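Read top to bottom, the protein sequences are chains Z and A. First residue of the first sequence? That's 6 in this note's numbering, and the numbers climb one at a time after it. First residue of the second sequence? That's 5 in this note's numbering, and the numbers climb one at a time after it. Below you'll find the structure, written out as structure tokens, and then a few comments.
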Amino acid sequence: MPRMLSYGAALAEALMQEMERDPAVYLIGQGVNSPWYVGNSTKGILERFGPERVIDTPVAENAETGIAIGSAMCGMKPVVIHPRMDFCLLALEQIVSQAANWSYMFDGQVSVPVCIRPIINRGGEQAAQHSQALHAHYAHIPGLKVVMPATARDAKGLLIAAIRDPNPVVFIDDRWLYAVEGDVPEEPFAEEIGVAKVLREGKDLSIVAVSYLVQESLKAADQLAAQGISAEVLDVRTVRPLDERTILESLARTGRMVVADSGWSMCGVSAEIAALAAGPGFGYLRAPVERVTLPPCPAPMCKPHEEAYFPRARHVVAAALRVAGVKAARPT
Amino acid sequence: MLFHDEMIDPFQACQAFASASAVDADLQVRLYTLMLKCRRAEERAAELAETREVGCPVHLYLGQEAVSAGVCTALKTEDQVFGTHRSHGHFLCKGGGLRPLFAELLGKATGCARGRGGSMHLIDTSCGIPGTTPIVAASIPMAAGAALANKMKKNGLVAVAFFGDGATEEGVFHETMVMAAIWDLPVVFICENNFYASHLPLKDRRKRDNLADAGKPYSIPSARIDGNNVLEVHRYARAAVEHARSGRGPSFLECRTYRWRGHVGPAWEWNLGIRKREEVEEWLARCPIRALEQQLLAQKLMREEDMTALRQKIDEEIEDALAFARQSPYPAMDTLLRHVYVER
Ligand SMILES: Cc1ncc(C[n+]2csc(CCOP(=O)(O)OP(=O)(O)O)c2C)c(N)n1
Ligand SMILES: [Mg+2]
Chain Z
6 MPRMLSYGAA LAEALMQEME RDPAVYLIGQ GVNSPWYVGN STKGILERFG
56 PERVIDTPVA ENAETGIAIG SAMCGMKPVV IHPRMDFCLL ALEQIVSQAA
106 NWSYMFDGQV SVPVCIRPII NRGGEQAAQH SQALHAHYAH IPGLKVVMPA
156 TARDAKGLLI AAIRDPNPVV FIDDRWLYAV EGDVPEEPFA EEIGVAKVLR
206 EGKDLSIVAV SYLVQESLKA ADQLAAQGIS AEVLDVRTVR PLDERTILES
256 LARTGRMVVA DSGWSMCGVS AEIAALAAGP GFGYLRAPVE RVTLPPCPAP
306 MCKPHEEAYF PRARHVVAAA LRVAGVKAAR PT
Chain A
5 MLFHDEMIDP FQACQAFASA SAVDADLQVR LYTLMLKCRR AEERAAELAE
55 TREVGCPVHL YLGQEAVSAG VCTALKTEDQ VFGTHRSHGH FLCKGGGLRP
105 LFAELLGKAT GCARGRGGSM HLIDTSCGIP GTTPIVAASI PMAAGAALAN
155 KMKKNGLVAV AFFGDGATEE GVFHETMVMA AIWDLPVVFI CENNFYASHL
205 PLKDRRKRDN LADAGKPYSI PSARIDGNNV LEVHRYARAA VEHARSGRGP
255 SFLECRTYRW RGHVGPAWEW NLGIRKREEV EEWLARCPIR ALEQQLLAQK
305 LMREEDMTAL RQKIDEEIED ALAFARQSPY PAMDTLLRHV YVER
């Protein structure tokens, strides 16, 4: 019997079980007690563990993150929530220069087991400063691991792994995925960080997708199947470390690749994956790689522009048809 | 080591004359008109948010109108104000129009940000509104930057940063205070203390109720005032602006007020466990508009029927603005990539 749980509820369950298991785990961030900020992803945690381990902070991203990092160096295992990735920009110094570097800079004498959760929360006519998907920033940095679950099961299994990991892990969940349901085991379990997964097998082309675009790509694969095209859908799951082997194996099977990522293409995660195809995967390629990403502009505001701006299944379908050599109208 | 001169406190004189008659009659009527315009426009916007005709996040300023009216009337048109996510009042009081406001709420090409910003990104460069930003505290250094430009250009203009109590928790607030003080920048910091940062009350974010001391460590003159008393706000703002304009540097005002509705959206949020109904009702009873209304009537500066007529006129302007917004087109699809960079 599958046990269906939503992505948001799976996050809350992971947190609940890890806090139960390890008294060093605590939750800190703006809105961890708020009825609206973090969806249902911290539901019930405050009631269970109280304000000592569920710390709602003043509006001070840099310090609240630095405080968590300092406590992580001294035996705690904080989970820091930034209800929007846009606000986490104020904490980048602590994450990038500090947390990511300490292990290396002191030759392994210190570890920073912090889990940072900047949530992507876009759309809804919120305009440019409340819509950004900036995961590539973190993926650029040696010393950080970057996890982006696309399914309810992974929301739980990868969050548990991120909390247990002795390194700083940036765990990026996406509000567009919170309602997605899936079969999620009730007992605690940790997925391995750095392993991609083929969610749907296919032989004509590989769609290598990140985060919510995995869900969109599964829909796209259905639509492609209706047109006689068999698309493999690969969920990247962690963008750093990137599971190059699984991606290349898929490319070896199909010879064609679409990369779907919710960030911009310039220096983005999609560029890294395309570089993989252009390098070690070159011999497998039978067509140029296509990328589905944001247009090269900030997020617009009004509905019709948002509709055109954020990539959806239809954009993936169009890219797949181009890669497959099928002529089709560009998405409107 | 030689430090700077003693701080000159522009607010000492303000305490002296507290009666309404200290503000001239025309100005009192103007303050009333501005506050009423904000109030009615936002009540309409709240309805549109409720029916989802307005889809962007809307942070209502209802209850706080006295701050924007009192401060903006102390400024020249060219003086700059920088606002936040909660800036409908700042926009309207500084001279922004109802039509561009409502069109922006609907994301239309005729909006003040041409449909690129929504409620949180208001702009009118023709009347000293270089833009509002919902990133908490981001308005603060930018206002100081405008003040630096004013100082370098010697144009005699003053910049104002509007921000909330929550914004004082960000590092950039303190960093800006350091520089504004040391460089004597012509900037006025208007902290609208409505006692909440989204769901969190001030008492959960600050050891003591002492926001008005925020300027002290930097020797920035500071005062705590009743942000629901528009005449008091205006008096203090005028002193702060004169202080800045005459080259004496920045100052800081804690304006104590309250937002009636929830953090975002039209809901009252009685039942979310965030604040008690009695607390909201206490503040409703201290409505800044009603308070001035009573004073205007007592001084015979306006009659009941004048007020009714004024309200009708404002409501007509609002309906006109809404009709205009509804008829306006969305930005054309081929403009999506425009203005990422400056286009000449
Ligand atoms: C840097 C940053 N952190 C967090 C937020 C989320 N946020 C939006 S408004 C707000 C509360 C701000 O409180 P305050 O400054 O008192 O302004 P008010 O909403 O009360 O007018 C918060 C935390 C944000 N927009 N920007
Ligand atoms: Mg506030």
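Cβ coordinates follow ideal geometry from the N, Cα and C atoms, glycine included. Fair warning: this is a prediction, and the values are worked out from it, not measured in the lab.
Determine the direct distance from the alpha carbon of residue j to that of residue i, and round the result to whole angstroms.
| i | j | result |
| --- | --- | --- |
| Val-140 of chain A | Val-192 of chain A | 17 Å |
| Thr-251 of chain Z | Pro-147 of chain Z | 21 Å |
| Ala-403 of chain A | Ala-148 of chain A | A query on residue 403 of chain A cannot be resolved here, the shown segment of chain A reaching from 5 to 348 and no further. |
| Arg-260 of chain A | Glu-221 of chain Z | 48 Å |
| Gly-80 of chain Z | Val-119 of chain Z | 10 Å |
| Arg-127 of chain Z | Thr-55 of chain A | 21 Å |
| Leu-109 of chain A | His-94 of chain A | 15 Å |
| Phe-199 of chain A | Pro-205 of chain A | 6 Å |
| Ala-49 of chain A | Gly-231 of chain A | 23 Å |
| His-310 of chain Z | Arg-317 of chain Z | 13 Å |
| Val-234 of chain A | Ala-241 of chain A | 10 Å |
| Thr-337 of chain Z | Val-321 of chain Z | Reliability fails at Thr-337 of chain Z, whose pLDDT of 46 lies under 50, so the model's placement of it is uncertain and the value that follows must be treated cautiously. Answer to the nearest angstrom: the Cα atoms are 13 Å apart. |
| Cys-42 of chain A | Pro-305 of chain Z | 27 Å |
| Thr-62 of chain Z | Asp-213 of chain A | 17 Å |
| Met-337 of chain A | Cys-18 of chain A | 53 Å |
| Leu-152 of chain A | His-140 of chain Z | 35 Å |
| His-89 of chain A | Thr-137 of chain A | 6 Å |
Determine the DSSP secondary structure at residue i, reduced to helix, strand or coil.
| i | result |
| --- | --- |
| Arg-245 of chain Z | strand |
| Thr-156 of chain Z | coil |
| Trp-107 of chain Z | helix |
| Cys-272 of chain Z | coil |
| Arg-296 of chain Z | strand |
| Cys-79 of chain Z | coil |
| Cys-60 of chain A | coil |
| Thr-62 of chain Z | coil |
| Tyr-382 of chain A | Residue numbering for chain A in the displayed model covers 5 to 348; residue 382 of chain A lies beyond these limits and cannot be assessed. |
| Tyr-143 of chain Z | helix |
| Cys-195 of chain A | strand |
| Ala-142 of chain A | coil |
| Gln-35 of chain Z | coil |
| Ala-216 of chain A | helix |
| Gln-316 of chain A | helix |
| Ala-184 of chain Z | coil |
| Ala-167 of chain Z | helix |
| Pro-221 of chain A | helix |
| Asp-13 of chain A | coil |
| Phe-166 of chain A | strand |
| Thr-337 of chain Z | With a pLDDT of only 46 at Thr-337 of chain Z, under the threshold of 50, the placement of this residue in the model should not be trusted; the figure read from the coordinates follows. Thr-337 of chain Z: coil per DSSP, three-state reduction. |
| His-310 of chain Z | helix |
Given 8 Å as the limit, tell me if residue i has its C-beta closer than that to any heavy atom belonging to ligand 1.
| i | result |
| --- | --- |
| Arg-90 of chain A | yes |
| His-125 of chain A | no |
| His-238 of chain A | no |
| Asp-248 of chain Z | no |
| Leu-164 of chain Z | no |
| Leu-95 of chain Z | yes |
| Phe-95 of chain A | no |
| Glu-258 of chain A | no |
| Val-140 of chain A | yes |
| Pro-171 of chain Z | no |
| Pro-88 of chain Z | yes |
| Glu-66 of chain Z | yes |
| Arg-263 of chain A | yes |
| Gln-228 of chain Z | no |
| His-267 of chain A | yes |
For ligand 4, any of its heavy atoms closer than 8 Å to the Cβ of residue i?
| i | result |
| --- | --- |
| Asp-91 of chain Z | Only ligand 1 and ligand 2 can be found as ligands here, which leaves ligand 4 out of the picture. |
Test item, CB below 6 Å from any non-hydrogen atom of ligand 2: A:Gly-168, A:Asp-169, A:Gly-170, A:Asn-198, A:Tyr-200, A:Ala-201
Closer than 9 Å, Cβ to any Cβ of chain Z: which residues of the segment 192–211 of chain A, in chain order? Ala-201, Ser-202, His-203, Leu-204, Asp-208, Arg-209, Arg-210
Could you run through the segment 297–313 of chain Z and flag, in chain order, every residue whose CB is less than 8 Å away from some CB of chain A? Pro-300, Pro-301, Cys-302, Pro-303, Pro-305, Met-306, Cys-307, Lys-308, Pro-309, His-310, Ala-313
Against chain A: residues of the segment 34–48 of chain Z by CB proximity under 9 Å: Gln-35, Gly-36, Asn-38, Ser-39, Pro-40, Trp-41, Tyr-42
Output needed in chain order: residues of the segment 113–138 of chain Z with a Cβ under 9 Å from some Cβ in chain A. Gly-129, Glu-130, Gln-131, Ala-132, Ala-133, Gln-134, His-135
Closer than 7 Å, Cβ to Cβ, to anything on chain A: give me those residues from the segment 53–66 of chain Z, in chain order. Asp-61, Pro-63, Val-64, Ala-65
Using a Cβ-Cβ cut-off of less than 9 Å, list which residues of the segment 220–252 of chain A approach chain Z; keep chain order. none
Along the segment 125–140 of chain A, where does the CB come closer than 8 Å to a CB of chain Z? Name the residues. His-125, Thr-137, Pro-138, Ile-139, Val-140
Give the residues from the segment 268–279 of chain A that approach chain Z closer than 7 Å (Cβ to any Cβ), ordered along the chain. Leu-276
What residues in the segment 53–64 of chain A have a beta carbon less than 8 Å from any beta carbon of chain Z? Gly-59, Cys-60, Pro-61
Return the residues of the segment 68–80 of chain Z that lie within a Cβ-Cβ distance of less than 9 Å from chain A, sorted by chain order. Ala-68
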